[in-house]
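K.L.:
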Amino acid sequence: NKAKKAWRDLEATIPIPPYTEYVPGSSRPAGAKASADGQSFQAIPLRRKVKQADGKEVTQLVPYGEYRTLRWFAGKLSENQELKFSTRVKVLSNEAPAAPSADKAGEGGKK
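Using my numbering, read the sequence shown as starting at 891 and increasing by one per residue.
#1: Could you check what DSSP says for E947 in three-state terms: helix, strand or coil?
#2: Taking contact to mean at least 3 C-beta pairs separated by less than 8 angstroms, is the stretch 917-936 in contact with the stretch 965-972?
#3: Quick one: residues in its chain with C-beta nearer than 8 angstroms to the C-beta of W897, no 5 flanking neighbours on either side, listed in chain order?
#4: Name the residue from T977, T959, V981 and I906 whose alpha carbon lies nearest to the alpha carbon of A920.
#5: Once you ignore the five residues that flank A902 on each side, which residues in its own chain have a CB closer than 8 angstroms to its CB?
#6: So is S925 buried or exposed if we call it buried at 16+ other beta carbons inside 10 Å?
#7: Please name the residue, chosen from R938, A922 and E911, that lies closest to V979 on a Cα-to-Cα basis.
#8: Beta strand (DSSP E) containing I904: first to last residue?
Here it is in structure tokens:
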């Protein structure tokens, strides 16, 4: 913080890119919350309620590959104070999905 005043209610957010997976236990400092939708954040590991075929609702862990964002609540950052936030991700694929061809994109094969 190079400002001449403290920052309050500071949050640090790190997106988790597509085609990657959060590496559990790698977030620093500890205490990060995660989100699969970028809107609601929960303590790690994420859990969700799923209704089974018999109608019974159970709680399941969200796969790390579905984590899209990590967030820390840093609180107050004093003048000349420095905070660092980091995490690790594992690359799942280095290939982006194929773009639709001109025929599939509504061009009808016209050239």
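Glycine is no exception: its CB is placed at the ideal position from the N, C-alpha and C atoms.
P.N.:
With the structure as the only source:
#1: strand
#2: no
#3: N891, K966 and L967
#4: T977
#5: R961, W962, A964, L973 and F975
#6: buried
#7: E911
#8: W897 to P905
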